[in-house]
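All letters in the sequence shown, in the order written, are residues 229 to 367 by our numbering.
Heads up: the structure comes next, in structure tokens.
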Amino acid sequence: MRYQLNEGIIQLPENWNDETLNAFSAPDKSGLNLVITRQGLPFGTDKDEFLENILTQYREQLPGYTEDEYKTITLAAQNACLLAYHWQSDEGRIDQLAVMLYLNDVLLSFTASSASGMSKKQKETLLGVIQSFNPESTD
229 MRYQLNEGII QLPENWNDET LNAFSAPDKS GLNLVITRQG LPFGTDKDEF
279 LENILTQYRE QLPGYTEDEY KTITLAAQNA CLLAYHWQSD EGRIDQLAVM
329 LYLNDVLLSF TASSASGMSK KQKETLLGVI QSFNPESTD
């Protein structure tokens, strides 16, 4: 499997799974960051059921979880789930904006976070960054 990083390309055995996590932070002191994760669909699991299980984990396991928005959007010409929420960590309120998209049997999650609040303009900007995602052809 050919895998491309910013720094170069590595050749991995074909049967290895991509479980990488990509983390990016704003260059200023805003505390904004964007994390991209990948989760393989468990064998025999329905995609909608798997996504609902993940959302249930957020709702039940994040202290003080409050859902601000939940809707279907289009990302990379496919339906994706947008979830805006906030919760209470030991350090204070965390605002998060998550967009989840299936690429074949992998759930790709883009999660923007801020521990110092996220303005409407920041949410719009981060959503624009997420919506710039363009999957590479696997042909």
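All C-beta atoms, glycine included, are put in the ideal place defined by N, C-alpha and C.
Please state if the CB of residue j and the CB of residue i are separated by a distance shorter than 9 angstroms.
i      : j      : result
Met346 : Leu331 : no
Val327 : Leu355 : yes
Ile322 : Ala343 : yes
Phe338 : Leu233 : no
Leu376 : Ala304 : This structure leaves residue 376 out entirely; the chain is present only between 229 and 367.
Thinking C-alpha only, which one of the options is nearest residue i?
i      : options                           : result
Glu247 : Lys351, Glu235, Ile264 and Gly259 : Ile264
Tyr254 : Trp244, Leu336 and Thr353         : Position check: residue 254 holds Ala in this sequence, whereas Tyr was assumed. Checking every option, the nearest Cα to that of Ala254 belongs to Thr353.
Ile282 : Cys309, Arg230 and Gly259         : Cys309
Ala340 : Leu260, Lys348 and Gln316         : Leu260
Taking the DSSP output, what are the residues bridged to residue i?
i      : result
Val368 : One cannot answer for residue 368 here, as it falls past the ends of the chain, which runs 229 to 367.
Gly268 : Val334
Trp315 : Ile322
Ile237 : Gln232
Phe252 : Leu262
Just how far apart, CA to CA, sit residue i and residue j?
i      : j      : result
Asp276 : His314 : 23 angstroms
Asn307 : Ile301 : 6 angstroms
Gln285 : Glu242 : 32 angstroms
Pro270 : Asn245 : 13 angstroms
Asp256 : Gln350 : 13 angstroms
Ala251 : Gln239 : 22 angstroms
Phe361 : Arg266 : 14 angstroms
Gly236 : Leu336 : 22 angstroms
Glu364 : Glu295 : 32 angstroms
Glu288 : Arg230 : 38 angstroms
Gly320 : Lys348 : 20 angstroms
Gln316 : Gly292 : 5 angstroms
Ser258 : Thr273 : 39 angstroms
Gly268 : Leu249 : 13 angstroms
If residue i sits next to residue j, beta carbons under 8 angstroms apart, how far is it from one beta carbon to the other, in whole angstroms?
i      : j      : result
Leu311 : Tyr298 : 5 angstroms
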